[in-house]
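The structure appears below as structure tokens.
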Amino acid sequence: MESTRTTDEPEPWWGPVGLDEDTGGRWDIGPLTLWLYRSAQEWRILHRPESSPATADPMLNRSRVTMPVSDDEFTALYETKDDALTISRYSFRRAVDRVSLQPALADRPVVSRPEHPLFVPPDESVTLYLSTALWVRVELIASERLLQEVPSYRMSDTWFGATTIDGELCYATRTAGRIHLDNVPRRFHRAVTPLRVKNTAKDPLALERVQLPVQHLALYETPANQLWTQGVTMTRTEGREGANVQIRSGPPADAEGASRIREPRETTRKGLFTSTFSAVGTLFGS
2 MESTRTTDEP EPWWGPVGLD EDTGGRWDIG PLTLWLYRSA QEWRILHRPE
52 SSPATADPML NRSRVTMPVS DDEFTALYET KDDALTISRY SFRRAVDRVS
102 LQPALADRPV VSRPEHPLFV PPDESVTLYL STALWVRVEL IASERLLQEV
152 PSYRMSDTWF GATTIDGELC YATRTAGRIH LDNVPRRFHR AVTPLRVKNT
202 AKDPLALERV QLPVQHLALY ETPANQLWTQ GVTMTRTEGR EGANVQIRSG
252 PPADAEGASR IREPRETTRK GLFTSTFSAV GTLFGS
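Residue numbers 2 to 287, in our numbering, belong to the letters of the sequence shown in order.
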């Protein structure tokens, strides 16, 4: 087994995991707590949020690894009546001794609402640094087969579109919409996207909601273990309610020395278009 390990300072949680038979570990990743346990013919994956979706803090900056975890802790988990705890078992002829935890972007677009009103005057542009919650993938190392994928934070569902018929199901989140990179905290359960919004129309643009197409974005890691996506540019033109969307190639200039660690979930469609910055939307608590 890998050496006994408990970390207090936030550190990257992703990478290979090696466990001896009948041992386990715990990963605290933002609002998520995840356990892995290996027996002779099984891997068990247990997870639960830090608190209920209604009270969970999506910005909770936890990234802590504890290996090994005591048998008493697993016994208590198996005996718990906590409905928020999910336990999954994966059976093998003989369980491999190593798996991998890997970060991934969300599987739907993420709609961000700025915490405070933001307006872009005519013929002006602004770059916002938006962060979105990551998913945790448990994979077999040799084949890269996926065992399970868990969101570090379960965002609410929202409908985004010009009408209640013309649109798509997305995730919803709040954002500080920071315009200075130095003010963006490093959180290991979130990835940062530089979003440039250009307003070429003759009236001010109110950024009430921004739809970020994260399912079309790749994931990058810097030498300092900061996670980024490609930059995205949204251009609003005169006479149109929405904006043309351009996904830039390669890591953003702010992510110096970054390497690509995960491909987009979906191939980018040419001519992406976001329907509107003030779309009809109904939030559904999860």
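The C-beta atom is built at its ideal place from N, Cα and C for all residues, glycine as well.
| message | Can you look up residue 111 in the DSSP assignment and give me helix, strand or coil? | response | strand
| query | Nearest to residue 90 by alpha carbon, out of 48, 181 and 233? | reply | 48
| task | Mind reading off the beta-carbon distance from residue 32 to residue 59? Whole number of angstroms is fine, and I expect it under 8 Å. | result | 7 Å
| task | Give every residue of the same chain whose Cβ lies closer than 8 Å to the Cβ of residue 136, excluding the five residues on either side of it in the sequence, and list them in chain order. | result | 104, 105, 106, 107, 108, 150, 151, 152 and 153
| Residues bridged to residue 248 [DSSP beta-bridge criterion] | 233
| Are the Cβ atoms of residue 230 and residue 211 separated by less than 8 Å? | no
| query | Is residue 25 closer than 8 Å to residue 93 when the C-beta atoms are compared? | reply | no
| task | Report the residue ranges of all beta strand (DSSP E) runs contained in full by the stretch 144-192; include only those spanning at least 3 residues, in chain order. | result | 147-152, 157-162 and 168-176
| Boundaries of the alpha helix (DSSP H) in which residue 125 is found, first to last residue | No alpha helix (DSSP H) contains residue 125, which is instead part of the beta strand (DSSP E) from 125-134.
| query | Is it buried or exposed for residue 200, if we count other Cβ within 10 angstroms and need 16 for buried? | reply | buried
| query | From residue 269 to residue 99, what distance separates their C-alpha atoms? | reply | 33 Å
| said: Extract the residue ranges of the beta strand (DSSP E) inside the stretch 19-77, only unbroken runs of 3 or more that lie entirely within it. | reply: 24-30, 33-39, 43-50 and 64-68
| Is the beta carbon of residue 267 less than 8 Å from the beta carbon of residue 219? | no
| field | Check whether residue 159 and residue 113 have beta carbons under 8 Å apart | value | no
| Hey, residue 213 and residue 118 are a contact pair by Cβ (cut 8 Å); roughly how many whole angstroms apart? | With 8 Å as the limit, residue 213 and residue 118 do not qualify as a contact, their Cβ atoms being about 19 Å apart.
| task | Assign residue 97 to one of three DSSP states: helix, strand, or coil. | result | coil
| Residue nearest to residue 78 in terms of C-alpha spacing, selected from 96, 65, 95 and 46 | 46
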